[in-house]
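Trainee: In the numbering used here, the protein residues as written are -5 to 692. Ideal placement from N, C-alpha and C gives every residue a C-beta, glycine not left out.
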Ligand code: ADP
Ligand code: MG
């Protein structure tokens, strides 16, 4: 333990017991270390001035110089508001004080040149800087240079911990750290990646003199954070590999062979074959398989899942396939039953809506081993669901299962079943490495042959007639069309009305007897939905008006046009999923994104991205850039990480480098026993101890 770093914060000069309490409560800062790791989120270059005419609007810090030309005071309740008109050679802005007018007014001098620093804001119709820092230009000290800005709140500000207040105590602490911060990265690594020392970084991040040194400090600290995260993941994987025995599937098995040789409806793509080889290899090692299968929409993951399960049952084990929603579980059940129709394999479905009286039978057949493949939702995880001999679980997920849930599966057999996790759409590489860093990764990077790329267009409301004309032409050629409306919450009446209005408008524009329109949405009864779906599948209707209930699992190869209404309201991966509903047959397919004229910058980027590319991996990267990891992985999973400085959306390269290096170190020294790795081991222990619930998993 480092005595200096662990010193309680109250002993820092200028803090004391009372203020320490505030830091603890509001910011979780208890020790010197905590304060040093409370990093500025940005810096202001105080050696430069902006002119008033180039000031950014709203809420961004600015430094200007000029003169006060007029001062006025307006009573507001018991207080009064002080306003000073401030001018430079390019324009004018108000400096405003809502409190303390009495003290400040006498100090302001008309005509004297001042340096002003603060946040420009719009207040009513006037543009001003409330409560600025104001210093006579003559007295400005040059030493400020680069000023760190810390995140604070109004409440903290009132108690003396505005950004400035935090800066003050942090500076005082940073001045004392020389010789007290031990390094925790190997020398070799520092040298290879040109990283500055830990001590230097912790000093410079709080007291930098220029932008370059800020960059060096941040890079060093990001690297450290990512490196230990990756090391932890790899270590975890290593421990589970060595400790956890896995079932050995010795044979390819008769089920696999029979299906492969006689009932495979099409030649596997090379990517599918490669992935199956990787999986088969895992099954032979005697270790437990924990593998992530990444593949774009339509790349044929289901078939890989099925063949993987056939390996298992051919070796005398049971298999399970778990999906995130009932619709998807149902769809898998139908697809897999169909694939296996010539084979003698018992497949069952278990979801939340299976009737109680049917459940008993399902449970029994599972326990006595009659059922060979069980398909279902989360319901599979329940304790009452017991297998006779579960050997392999496939999870088809939309990033919804965390480490903890995956761990639950392990208990379904004395030797835990092998686990294959499939993504619905690709996850950006950095996120996969970080959130699934304890898994091996396989990628299907090839679509089945004969797929024609889908042409995507972005159209505004004004082009609706043109779009209808296009639909008519295609329908006349024998094609079918989806029109999807956003119904994010199925209960929202406005969305529901839009959907119904749309349905009516389309029914009018595409009248009987030449055209027939189906509709499917979440408020319909299951059997009505099914009926409408079937009419569309059989080609009895040409247009399917629907909500996102068709997002996953629907497969109608003759449908070649996907129209997405209010497309700006959908996220990128959802748009990509929806688009994946077409382009499944032999015909050239189209996707039309309909939006309003006014689009946010982000929506525009989403539309542009969709129009530009069909590549799910590329789309995933843009999605990460736009939304950040929290929204993609779900806040719960992101919360598990709690990164202080690294940004998974922006630091992809550092993530890869950190992972590579972590791997290199463990390859040479799996248990970190070499003297040169002692410092690393120490820090890793500290990191892993802070997450007690994780340690049970591996
Ligand atoms: P996803 O990866 O999105 O789950 P699916 O497994 O649903 O994709 O496959 C999409 C479609 O491609 C399905 O209709 C499936 O039968 C078909 N398919 C899968 N593999 C091949 C292949 N090797 N050749 C031709 N079609 C294939
Ligand atoms: Mg799928």
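Which partner residues does residue 387 have in the DSSP bridge list?
Mentor: Taking the chain shown and counting its residues from 1, the one referred to as residue 387 is at position 393. In DSSP, residue 387 forms a bridge with 314 and 413.
Trainee: Ordered along the chain, which non-local residues of its own chain (more than five positions away) have a Cβ less than 8 Å from that of residue 588?
Mentor: Taking the chain shown and counting its residues from 1, one reaches residue 588 at position 594. Correct list, in chain order: 453, 454, 455, 458, 461, 557, 558, 559, 560 and 561.
Trainee: Find out if the Cβ-Cβ distance for the pair residue 433, residue 285 is shorter than 8 Å.
Mentor: Locating residue 433 in the chain shown gives position 439, where the first residue counts as 1. Locating residue 285 in the chain shown gives position 291, where the first residue counts as 1. Closer than 8 Å, so yes.
Trainee: The beta strand (DSSP E) that contains residue 538, what's its start and end?
Mentor: By 1-based counting over the chain shown, the position of residue 538 is 544. Counting along the chain, the beta strand (DSSP E) containing residue 538 begins and ends at 537 to 540.
Trainee: Taking residue 346 and residue 320 to be in contact with their CB atoms under 8 Å, please state how far apart those CB atoms are, rounded to whole angstroms.
Mentor: For the purposes of this step, residue 346 is identified with residue 352 of the chain shown, where counting begins at 1. For the purposes of this step, residue 320 is identified with residue 326 of the chain shown, where counting begins at 1. Beta-carbon to beta-carbon, residue 346 and residue 320 are separated by about 7 Å, close enough to satisfy the 8 Å threshold.
Trainee: Express the C-alpha separation of residue 383 and residue 405 in angstroms, rounding to a whole number.
Mentor: Taking the chain shown and counting its residues from 1, the one referred to as residue 405 is at position 411. Taking the chain shown and counting its residues from 1, the one referred to as residue 383 is at position 389. About 12 Å.
Trainee: Express the C-alpha separation of residue 660 and residue 674 in angstroms, rounding to a whole number.
Mentor: The residue labelled residue 674 in the question sits at position 680 within the chain shown. The residue labelled residue 660 in the question sits at position 666 within the chain shown. In a straight line, the C-alpha of residue 674 is about 11 Å away from that of residue 660.
Trainee: Is residue 443 helix, strand or coil by DSSP?
Mentor: Indexing the chain shown from 1 puts residue 443 at position 449. Reduced to three states, the DSSP call for residue 443 is coil.
Trainee: I need the straight-line Cα distance from residue 340 to residue 365, nearest angstrom please.
Mentor: Translated into the one-based positions of the chain shown, residue 340 becomes position 346. Translated into the one-based positions of the chain shown, residue 365 becomes position 371. Going from the Cα of residue 340 to the Cα of residue 365 covers about 5 Å.
Trainee: Assuming the contact rule is C-beta atoms closer than 8 Å, residue 202 and residue 430 should be a hit. Round their C-beta distance to whole Å, please.
Mentor: The residue given as residue 202 occupies position 208 in the chain shown. The residue given as residue 430 occupies position 436 in the chain shown. No, residue 202 and residue 430 are not in contact; Cβ-Cβ is about 36 Å, not under 8 Å.
Trainee: Looking only at C-alpha atoms, which of 503, 541 and 447 sits nearest to residue 492?
Mentor: Along the chain shown, read from residue 1 onward, the residue named residue 492 stands at position 498. Measuring from the Cα of residue 492, the nearest candidate turns out to be 541.
Trainee: Check whether the stretch 516 to 534 touches the stretch 290 to 301, taking contact to mean three or more Cβ pairs, one atom from each stretch, closer than 8 Å.
Mentor: no
Trainee: What residue does the beta strand (DSSP E) around residue 241 start on, and which one ends it?
Mentor: Here residue 241 refers to the residue found at position 247 of the chain shown. First-last for residue 241: undefined, no H or E at that position.
Trainee: Run the proximity test for residue 390: is its beta-carbon closer than 7 Å to any non-hydrogen atom belonging to ligand 2?
Mentor: In the chain shown, residue 390 corresponds to position 396, counting from 1. It does: the Cβ of residue 390 is within 7 Å (strictly closer) of some heavy atom of ligand 2.
Trainee: Buried or exposed for residue 10, going by 16 or more other Cβ atoms inside 10 Å?
Mentor: Translated into positions along the chain shown, residue 10 becomes position 16. Exposed.
Trainee: I need the DSSP call for residue 328, collapsed to helix, strand or coil.
Mentor: In the chain shown, the residue the question calls residue 328 occupies position 334. Correct three-state label for residue 328: helix.
Trainee: In the DSSP assignment, find the alpha helix (DSSP H) that holds residue 85 and state where it starts and stops.
Mentor: Here residue 85 refers to the residue found at position 91 of the chain shown. No alpha helix (DSSP H) holds residue 85; the beta strand (DSSP E) holding it covers 85 to 91.
Trainee: Please classify residue 122 as buried or exposed, where buried requires at least 16 neighbouring CB atoms within 10 angstroms.
Mentor: Locating residue 122 in the chain shown gives position 128, where the first residue counts as 1. Buried, because 16 or more other Cβ atoms sit within 10 Å of the Cβ of residue 122.
Trainee: Which parts of the stretch 190 to 220 are runs of the alpha helix (DSSP H), unbroken and 4 residues or longer, counting only runs that do not cross its ends?
Mentor: 192 to 198
Trainee: What's the gap between the Cα of residue 297 and the Cα of residue 262?
Mentor: What you label residue 297 is simply residue 303 of the chain shown in a count that begins at 1. What you label residue 262 is simply residue 268 of the chain shown in a count that begins at 1. Their backbone Cα atoms lie some 9 Å apart in a straight line.
Trainee: Please go through the same chain and pick out, in chain order, the residues whose beta-carbon is closer than 8 Å to the beta-carbon of residue 620, but skip the five residues on each side of it.
Mentor: Here residue 620 refers to the residue found at position 626 of the chain shown. Excluding positions up to five away in sequence, the list reads 566, 596, 599 and 600.
Trainee: Quick check on the DSSP output: what are the complete beta strand (DSSP E) runs of length 3 or more inside the stretch 51 to 76, in order along the chain?
Mentor: 55 to 70
Trainee: Go to residue 654, then tell me how far its alpha helix (DSSP H) extends in each direction, as first and last residue.
Mentor: Residue 654 sits at position 660 when you count from the first residue of the chain shown. Unbroken alpha helix (DSSP H) run through residue 654: 646 to 662.
Trainee: For residue 564 and residue 354, I'd like the C-alpha separation in whole angstroms.
Mentor: Within the chain shown, residue 564 is the residue found at index 570, counting from 1. Within the chain shown, residue 354 is the residue found at index 360, counting from 1. If you take the alpha carbons of residue 564 and residue 354, they lie about 41 Å apart.
Trainee: Are any of the Cβ atoms in chain C nearer than 8 Å to that of residue 69?
Mentor: Checking the listed chains, one finds no chain C in this structure; it contains a single protein chain.
Trainee: Here's the rule: buried if 16 or more other CB atoms are within 10 angstroms of the residue's CB, otherwise exposed. What is residue 8?
Mentor: On the chain shown, position 14 is the one that residue 8 refers to. Residue 8 should be labelled exposed.
Trainee: May I ask which residues mark the beginning and end of the alpha helix (DSSP H) holding residue 373?
Mentor: Sequence index remark: in the chain shown, residue 373 carries index 379 (1-based). Segment: none, residue 373 is in no alpha helix (DSSP H) and carries neither H nor E.
Trainee: Output needed for residue 593: all residues of its chain with C-beta closer than 8 Å, excluding positions within five of it in sequence on either side, in chain order.
Mentor: Translated into positions along the chain shown, residue 593 becomes position 599. Closer than 8 Å at the Cβ level, and outside the excluded window around residue 593, lie 562 and 601.
Trainee: In three-state DSSP terms, what is residue 294?
Mentor: Translated into the one-based positions of the chain shown, residue 294 becomes position 300. Correct three-state label for residue 294: coil.
Trainee: Is the stretch 54 to 62 touching the stretch 90 to 105, taking contact as three or more C-beta pairs under 8 Å?
Mentor: yes
Trainee: Excluding sequence positions up to five away, which residues of its chain have a Cβ less than 6 Å from the Cβ of residue 18?
Mentor: Numbered from 1 along the chain shown, position 24 holds the residue referred to as residue 18. The residues are 24.
Trainee: Can you say whether residue 636 is buried or exposed, counting buried as having 16 or more other CB atoms within 10 angstroms of its CB?
Mentor: Residue 636 sits at position 642 when you count from the first residue of the chain shown. Its Cβ having fewer than 16 others within 10 Å, residue 636 is exposed.
Trainee: What did DSSP end up calling residue 128 once you bin it into helix, strand or coil?
Mentor: In the chain shown, the residue the question calls residue 128 occupies position 134. Residue state, collapsed to three classes: strand.
Trainee: Do residue 313 and residue 242 come within 8 Å of each other at the CB atom, strictly closer than that value?
Mentor: Walking along the chain shown from the start, residue 242 turns up at place 248. Walking along the chain shown from the start, residue 313 turns up at place 319. In this structure, residue 313 does not lie closer than 8 Å to residue 242 by Cβ.
Trainee: Is residue 263 near ligand 2, with its Cβ less than 7 Å from a heavy atom?
Mentor: On the chain shown, position 269 is the one that residue 263 refers to. Distances between the C-beta of residue 263 and the heavy atoms of ligand 2 are all 7 Å or more.
Trainee: Per DSSP, which residues does residue 436 bridge with? Please list them.
Mentor: Along the chain shown, one-based indexing puts residue 436 at 442. The partner list for residue 436 (beta bridge, DSSP) reads 287.
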